[in-house]
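Below: the structure, in structure tokens.
Numbering (the numbering used here), first residue to last: 1 to 304.
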């Protein structure tokens, strides 16, 4: 942890080394869109600390650090450079020097103006974020209070109204405040269940799809099938459906096939299956004596 600046920070050096020993920045970081999404997620995670996510697809030219520091140094050492020189008799005798001094002063003033505007924007963003957070906290507090009151009323009147107070009722049919609170709780519990169950389920489904029980008896055909993207995608869908069924059995409700949550489950299971396929492929290659050619390794490296 570095404490040499106002904000404590860490420098990380990342080597994009794949599981099979190749250097591939693309495989680790993905394409331009994936990198932008990573920056979005990082910006969201850091928003509470006052970090402002940069402008997407910005074409701005950034000022070099060396130039910027030199301008600051000159401004501090020569305070007069921060003001526009006046034109007098001596300046009339040396117009070239006067023009140079004016340009230098303008450059410093422009940079100072830019710094002030950026600092102002940063502080406005911090204030806005803090106000939004306070407003959300107040709204959440009021919402949960309403939810508790609604739940109390429903519990008292459940017998008379013939209501069945279960997960489906809380998520789909309850009063608005209670429904929102129930959805927050439900999604939190599903996320916990996902961390516990989704990866083992994806492995189970994928193992059934490739049917390889003994690595030493695997063939080239088995290895080729592992590279089949379509089979991997189908296995991911099956795993997501299986997880959805378990959610239904556990809570009495499930996610619609076209819902955002179900699509997220498919993407996550596909990531797990890609990981399984890569590891299994390496083991089969080793058992079959298949090796990657040097020129193929170079073609997949950084900068290619």
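Built from N, CA and C at the ideal position, the CB exists for glycine as well. Remember, predicted model here, so these are calculated numbers, not experimental data.
So, with DSSP's three-state summary, where would you put residue i?
i	result
residue 3	coil
residue 17	strand
residue 11	coil
residue 121	helix
residue 23	strand
residue 195	helix
residue 259	coil
residue 145	helix
residue 247	helix
residue 41	helix
residue 228	coil
residue 28	helix
residue 50	coil
residue 253	coil
residue 289	coil
residue 222	helix
residue 284	helix
residue 166	coil
Is the beta carbon of residue j closer than 9 Å to that of residue i?
i	j	result
residue 290	residue 223	yes
residue 201	residue 255	no
residue 16	residue 5	no
residue 316	residue 206	Because the chain is modelled from 1 through 304, residue 316 falls outside the range shown and cannot be assessed.
residue 47	residue 53	yes
residue 193	residue 122	no
residue 198	residue 265	yes
By alpha-carbon positions, which one of the options ends up nearest to residue i?
i	options	result
residue 171	252, 239, 206 and 56	252
residue 225	217, 237, 216 and 212	212
residue 179	44, 145 and 25	145
residue 286	112, 23, 8 and 217	217
Quick test of your reading: residue i and residue j, contact by CB under 8 Å. State the CB separation rounded to the nearest angstrom.
i	j	result
residue 181	residue 143	7 Å
residue 246	residue 270	With a Cβ gap of about 18 Å, residue 246 and residue 270 do not count as contacting.
residue 131	residue 50	Not a contact, Cβ separation roughly 13 Å.
residue 278	residue 19	6 Å
residue 209	residue 231	6 Å
residue 283	residue 215	5 Å
residue 220	residue 280	About 14 Å separates the two Cβ atoms, so there is no contact after all.
residue 35	residue 29	6 Å
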